[in-house]
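Before any comments, here is the structure.
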Amino acid sequence: MKFLSLVGLYLAATTAYPGYDDGGGGGLRSKKPCSFASGLGAELSAELSQKHGRRLGENQASRNAPPSSEVTDRRFLLEGLLNEGKGCWGACAKTAGDCAHCGTGQCCRPQDYTNGVVGCELADAIESGSRCGAWAGDPPAGLRNEGRACAGSCPDGFGADCAYCGGWDGVADGSGQCCRLVDAESAERYKDHNLFEGPSPTPPTTPTSPTSPTSPTPPTTPTTPTPPDGLMNEGVACAAPCGFTNDQWGPTRDCPQFCGTGTCCSAFDWRRGAPGCELAVNVTGGQMVCGEFRDEGPALQDFRTGMPRGVYPTSSDAVETGESAEGRWIKDINVDGSNPGHHFVPEYNGEGGQPWSQFEMSLIRDLLVFQMRQATAGLDELSTAKFIRLPFHDCLHYEGEDSGSCDGCINWHNVRFRHVGRVEERNYEDYERPSPSSSNNGLGDAIEFLEYIFTLDLGKTWASGCYVKPGAVSGANAHLAGTRHDPIWVSTVEECRDHCLNTTDCKYFTVPHLRHINANGPCRLFSGAGTQRQTRGSGRLIAGDAYCEADSWSLQSRGKSRADLWAFASLVAVEEGIQRHNWACDGDRRSPHNGPIMCTQFEGEDQCSIELPRPFVFKTGRKDCESGSFMTDKKENSPDEHFNGTMAVRFMEDNFGFSAKETVTAMGAHTVGRFHQRQTGHKYVWTTDFQAFNNQYYRNIAGKEDWFFDDDECNKVGDAWGNKGHAVWIAKMNQVYRSGGPVQWIQKKVVCPNCAARSYDRGGRHPQRLAQDRDCCLVDVPEGAQCRPDGIGPIGSRAFNRDDDFSDGCEYSHFIFGRDEAAMGSDMGLRYKFDVDIRGFPYGCPGLETFYPSGFRFSDVTCGIDGRPRFVDPSLAWNDPNLERVTKNDWTDDACPADCARQDYQYPGDSRTLADWVDLYADNQAAWIREYVPVMEKMINNGYDDGVLVTSFSGYDTASGAGAV
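Reading the sequence shown from the start, the letters are residues -16 to -1, 1 to 949 in mature numbering (1 follows the signal peptide of the UniProt record, and there is no 0).
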């Protein structure tokens, strides 16, 4: 019986997909060009994926009808209609049209009639589900699907004749077209408002305002009469007479023909920020009614920039010299202050911060690195990412100024802002953006820690042996105040020292070197009868002398500047991130300091580790701002996370003098760090190895095939035959603002379940998806496979070539739940070409046509957000033959990708496009690092002319124990 079932499945597959060979089962179905790549106002390149590119409504006879020789043998042995009115989708290999299960009839669904599938010409009588019946007949003539959403179903674009709107089987008869209303700001298509899906109120024949539609007007549209003055039909249901539905969102809810001067709104429209519905919060009953609901508030702030000016030269590519900075980094400085050369500083007569010695750098580096190594996923206030981010914000120009930067000051507005309660409640109006999302928020703890270091009395602590680590105080009778068995719990080293100073006969104390934030540890006190001593190993117990007689001094008292300290901290952080990556490459995923597990893509492989081509050059002489503090009332030019690629280039050009190449290079710093929902509304991580400084950022946004890591064992999850997973990017609303923003991009991977880690036993996902995962991992899995393969292909074949449905089955697209790899528009715009409206919503890509302010968060809602697509009856088991998808077409089979074109902007004088640079860095980590070093230096020196700053460090000389300056 099992053998017959397998034969039946194979026959169904070869019938539905004749591109497979029918000799050995190893052939691959050919792919057709993507049908969504025309008529969308974007210059889509030939590099759009050609996979799964069948047009909706394309002639399906070749897919549904068997070869003529098989008709008598397989399909029509039994005469007459069979199983009339019964479900048939599973029995007919999920293929509409002729089917042996239905005898001489056909298996059809309502959507098959809607989409013009051959053999379903009479299937408009089906109310729901798939049914056997005599559905074949003459195609209906004239206008079809009037008022239905048509984006994505009309491959020739808006305004063109379309078979979906009039015609059949992909052949338009000219009776219907697909049209939308859009706001025509600046007379540019798709400007400032997202697409309006579904039927719309009749537009006026003459545009009268900046929000008048510019989409092609159907020739049958009548002229709208001038409505009478005042509100009409107050409180009366208006969806039908106004042509609105609750699942659409357009430039306006105006309906003058029925509501007069009022608008047609529901409470749902108010929640998602539909213009004209600002006062509709109290509309009840879930319906749309006429009313005076308009209260638009302040105008939206336009964050978008112009095109790059193209005025800065593009540097020549850094050449591989074979040299290495190994042993010469800041991390390699090994001095104890015993040699006068350890205290050498270069001559400087300027007004900025005084130069640093190797000894000072060594002290500060150790204090910084200790805190960075305490960072975790949940406690990352002092992570490497924070210190790398800080100089970017510090070195921005102030509003209205073309100079000034890197001054040890930032605007403190919203630095401590946190969303309270549920963040995704659309509690803020759209006009309240970009604040708080575009600010210095999240940097407060890092800045305050640097201020602690800046003012710390190093002379009486770390510089003169007053504190030793690892240390101890010995002496049998030296303990005081009962602290040997009942220590005092403190949150800082200084708190323990103060207890000693306030305790009679106390001279020494011990306390762990504590995390600067949210930490506590035992403080023990000792009399002068004890002995302070250094111990062996790498412990973190500090033994301190509260009455140390060394001279007092701090960075501040020696004339150093905060700005120089902030720049130094950023270089130390980059080095630490590289070191963290290199440890992971060597298999030490937690690092010697027991940090979070970092799963790197190329662990144990050649070229995984990073070697700096030369040491960072640390220059000093930056001037602190005039406020005397690290806070200023002046506002920086803040970037916006919704920039597209050219906007990001223009911003970096204006603020740092960067070319396009330097912009792409600098953005790679996003490879470390995490998003913080309560600060910005965004969630998750740029890369799962979020503490490792490497080129994974570029690999992600370029959509490189990579392993899917979602466990602590770093199991390399791929497709069934162990190939790296295909990447799919989608857009997502984080629902902080009324219309759904801010917008983030999320990556999915087309891979098996994590069978090795038994991911099917985890919770948090749809139980039927977990049940299906279990079956995929445990039933009929071929030897050597990670899971049961989808489709037909040889051993070792890639799911990308073999699987024709990335939204379901065993190899399907899913997130790394809880650790989704994400990006901002300004990241994605470097690799993909799209535009953004004034609310930050991207548009201009085929897969974003249905992504607009609405109740749905994801652009791929039809593909499912938990790895399971939407079904008509979600209560059915995953293997129920009557299980039907709400939407199934070529786009959903591809996992609902954004499908944006390649970013082809080329900066004047540059031989590469933005996308070219991303791809180069994605493939060549060493090339990126070679370029990153000088770009980082340029950023932290921003605003200072050549010769103003002096070099305090350009490499450590191990032999002499001095810096090469």
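Every residue gets a Cβ at the ideal spot worked out from N, C-alpha and C, and that includes glycine.
The region 695 to 715 makes contact with the region 579 to 591: 3 or more CB pairs, one atom from each, lie closer than 8 angstroms. Residue range Q909 to I924 is occupied by the alpha helix (DSSP H) that includes W912, with no beta strand (DSSP E) assigned at that position. Annotation for Y97: the continuous alpha helix (DSSP H) segment containing it runs P94 to T98.
Residue pairing of F799 in beta bridges, as defined by DSSP: absent, with no partner found. For V735, the uninterrupted beta strand (DSSP E) segment begins and ends at V727 to V735.
The residues H500, in chain order, have a CB closer than 8 angstroms to that of Y436 in the same chain once the five nearest residues on each side in sequence are set aside. The DSSP assignment places no complete run of the beta strand (DSSP E) inside the region 643 to 690 (cut-off: 3 residues). In the displayed model, G528 falls within a strand according to three-state DSSP. Straight-line measurement puts the Cα of Q358 at about 16 angstroms from the Cα of H565. Under DSSP, M615 shares a beta bridge with I394.
When the Cα atoms are used, G455 and M615 turn out to be separated by approximately 37 angstroms.
W73 and L867 have their alpha carbons spaced roughly 8 angstroms apart. For the 8 angstroms CB-CB criterion, C736 and S791 do not form a contact. Taken in chain order, the complete beta strand (DSSP E) segments of 3 residues or longer contained in the region 449 to 488 are 455 to 458 and 472 to 474. For M631, the enclosing alpha helix (DSSP H) stretches over residues G629 to F640. Taking all protein chains shown into account, D703 has 16 or more neighbouring C-beta atoms within 10 Å of its C-beta and is therefore buried. When the beta-carbon positions are compared, D850 and C880 stay at least 8 angstroms from each other. In the DSSP annotation of this structure, the continuous segment of the beta strand (DSSP E) that includes V934 starts and ends at V934 to F937. In the three-state reduction of the DSSP assignment, V845 falls in the helix class.
For the 8 angstroms CB-CB criterion, S541 and C569 do not form a contact. In this structure, C222 and F242 form a Cβ contact; the two beta carbons are roughly 5 angstroms apart against a cut-off of 8 angstroms. In terms of Cβ geometry, V457 and G514 form a close pair [threshold 8 angstroms]. At a Cβ-Cβ threshold of 8 angstroms, G275 and G244 do not count as neighbours. W713 carries a strand assignment under DSSP once its states are collapsed to helix, strand and coil. Counting along the chain, the unbroken beta strand (DSSP E) around Q518 starts and ends at T515 to Q518.
Apart from the 5 residues on each side of it in sequence, W473 sits with its Cβ closer than 8 angstroms to the Cβ of N504, G505, P506 and C507 in its chain, given in chain order.
Below 8 angstroms, enough C-beta pairs join the region 806 to 813 and the region 656 to 668 to call them touching: three or more. Leaving aside the five residues that flank R803 on each side, the residues in its chain whose CB is nearer than 8 angstroms to its CB run, in chain order, Y668, V669, T672 and D694. Taking one beta carbon from each stretch, the region 356 to 373 and the region 555 to 565 have 3 or more pairs nearer than 8 angstroms; the two touch. Under the three-pair Cβ rule at 8 angstroms, the region 880 to 897 does not count as touching the region 510 to 524. In the structure shown, P375 falls within a helical segment according to DSSP collapsed to helix, strand and coil.
Of the other Cβ atoms in all chains shown, fewer than 16 fall within 10 Å of the Cβ of Y531; this residue is therefore exposed. In terms of CA proximity to G466, C490 leads the group R481, M272, C490 and C609.
F642 sits away from G813, with the two beta carbons spaced by 8 angstroms or more. In this chain, V763 is not harboured by any alpha helix (DSSP H), its DSSP state being neither H nor E.
The beta carbon of G687 sits closer than 6 angstroms to those of A711, all from its chain and outside the five residues before and after it, given in chain order.
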